[in-house]
Amino acid sequence: MSPPIPEVIGTIAELRDRLSLTTQNFAVAGADTRVVLVPTMGALHAGHLALARRARELGDTVVVSVFVNPLQFGAGEDLDQYPRTLDADVSALAELGVPYVFAPTAQEMYPDGAAETRVGAGPVGSLYEGAARPGHFDGMLTVVAKLINIVDPDAVVFGQKDAQQVHLIERMVAELNFRASVDVVPTVREEGGLALSSRNQYLDPVQRESARSLSAGLAAAASVASQGAPAALAAAHAVIDAQPLVKLDYLVVVHPQTFLPVDDDYRGPARMLVAALVGTTRLIDNVPLDIT
Ligand code: AMP
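Numbering follows numbering that gives the first Met the number 0, in which position 276 of the sequence shown is assigned residue number 275; successive positions increment by one, without gaps.
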């Protein structure tokens, strides 16, 4: 028997009603009352589905939000072109037994236009992705804070693919004392290593082939990480710089706690971050480095 189609809910009031009724009923029945939130912008692929699967392990009442958040897009970015595939998203989630999809309009989330009260991402929010996309992380944290307040989940699930996002969310959840725990799922990749992304569908076959150099460069870096951050950077550059279609934006080794670049003589766990333009498509990836 196939699981029921998820209920698609568009308003905050209705979602809150459904969740409180469900958890009350589950409590009476002695069933699992944990609520788990998976924030997404839709156009779901196997990476998102891995998050939803993890969420089902963490609790029975899973809410996958599908909201292309205007607040985190800059002028001239792909807000209007961003793929919107709600029907397919809902069908994919049905297979996983996800009961609720929260798909609000921008008007529902921001009834007074762009929110004036925003969560500030702080100094790390202006580095790397934040340098290329000013205001992006304030917009992202603001919508995640809103979604957490709307759903009041026990856990919220994110992908390691967006490492800087994970860092900033973990810091927000700690510093603003949200009760939700943050669960992070490893990056899902296609055969050949390219990290799955909703934006990969913008790539033509030649660009897609070139884009594989990002994950290949990170893998090369990880394999020589014991020689230190400069050797890891050189190994990644050798692979990525050989691809003329890949316009590197940043390649950096950061400290896992501060997310600031490490010194050349740093020893310990670290993470390498990369971002590049392939054609007009912006791609990011990252890998842990063991610099011991
Ligand atoms: P997005 O819809 O791009 O905002 O992503 C929603 C969530 O899915 C974020 O937590 C992402 O980090 C996560 N995600 C996106 N791509 C992947 C991937 N390839 N592997 C794991 N998680 C991913």
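Glycine included, every Cβ here is placed at the ideal spot set by N, Cα and C.
Going by CA-CA distance only, name the one from 36, 58, 252 and 127 that's closest to residue 281.
Position 282 of the sequence shown holds residue 281. The option with the nearest alpha carbon to residue 281 is 127.
Buried/exposed call for residue 8, threshold 16 Cβ in 10 Å
For this step, residue 8 is matched to residue 9 along the sequence shown. Classification of residue 8: buried, given that the 10 Å Cβ count is 16 or more.
Flag residue 272 as yes when its Cβ comes closer than 6 Å to any non-hydrogen atom of the ligand AMP, and as no otherwise.
Within the sequence shown, the letter at position 273 stands for residue 272. Every heavy atom of the ligand AMP is 6 Å or more from the Cβ of residue 272, so no.
Spell out the partners DSSP gives residue 157 in its beta bridges.
Taking the sequence shown and counting its residues from 1, one reaches residue 157 at position 158. DSSP lists 183 as partners of residue 157.
Where does residue 271 fall in DSSP's three states?
Along the sequence shown, read from residue 1 onward, the residue named residue 271 stands at position 272. DSSP places residue 271 in strand when its eight states are reduced to three.
Under 7 Å, do residue 229 and residue 263 count as touching if we go by C-beta distance?
For the purposes of this step, residue 229 is taken as residue 230 along the sequence shown, with counting starting at 1. For the purposes of this step, residue 263 is taken as residue 264 along the sequence shown, with counting starting at 1. Cβ distance < 7 Å, so residue 229 and residue 263 count as in contact.
Output needed for residue 105: all residues of its chain with C-beta closer than 7 Å, excluding positions within five of it in sequence on either side, in chain order.
Sequence index remark: in the sequence shown, residue 105 carries index 106 (1-based). Taken in chain order, the residues that qualify are 69.
Give the range of the alpha helix (DSSP H) segment to which residue 149 is assigned.
Working through the sequence shown from its first residue, we reach residue 149 at position 150. Looking at the DSSP string, the run of the alpha helix (DSSP H) that includes residue 149 is 135-150.
So within the segment 0-58, which uninterrupted beta strand (DSSP E) runs reach at least 3 residues, ignoring any that extend past its ends?
6-8 and 34-39
Determine, using beta carbons only, whether residue 293 and residue 244 come nearer to each other than 7 Å.
Since the displayed the chain opens at 0 and closes at 291, residue 293 lies outside it and no answer follows.
In the DSSP assignment, the alpha helix (DSSP H) including residue 64 goes from what residue to what residue?
For the purposes of this step, residue 64 is identified with residue 65 of the sequence shown, where counting begins at 1. That residue, residue 64, is in no alpha helix (DSSP H); its beta strand (DSSP E) goes 60-65.
Under the three-state reduction of DSSP, which class applies to residue 117: helix, strand or coil?
Walking along the sequence shown from the start, residue 117 turns up at place 118. If DSSP states are grouped into helix, strand and coil, residue 117 belongs with coil.
In this structure, what does DSSP give as the bridge partners for residue 101?
As a first step, residue 101 is located in the sequence shown; it is residue number 102 there, counting from the start. Looking at the DSSP assignment, residue 101 forms a beta bridge with 8 and 64.
For residue 90, which residues in the same chain have their Cβ closer than 8 Å to its Cβ, ignoring the five residues on either side in sequence?
Looking up residue 90 in the sequence shown gives position 91. 4, listed in sequence order.
Reduced DSSP category for residue 249 - H, G, I as helix; E, B as strand; rest coil:
Numbered from 1 along the sequence shown, position 250 holds the residue referred to as residue 249. Of the three classes helix, strand and coil, the one that applies to residue 249 here is strand, per DSSP.
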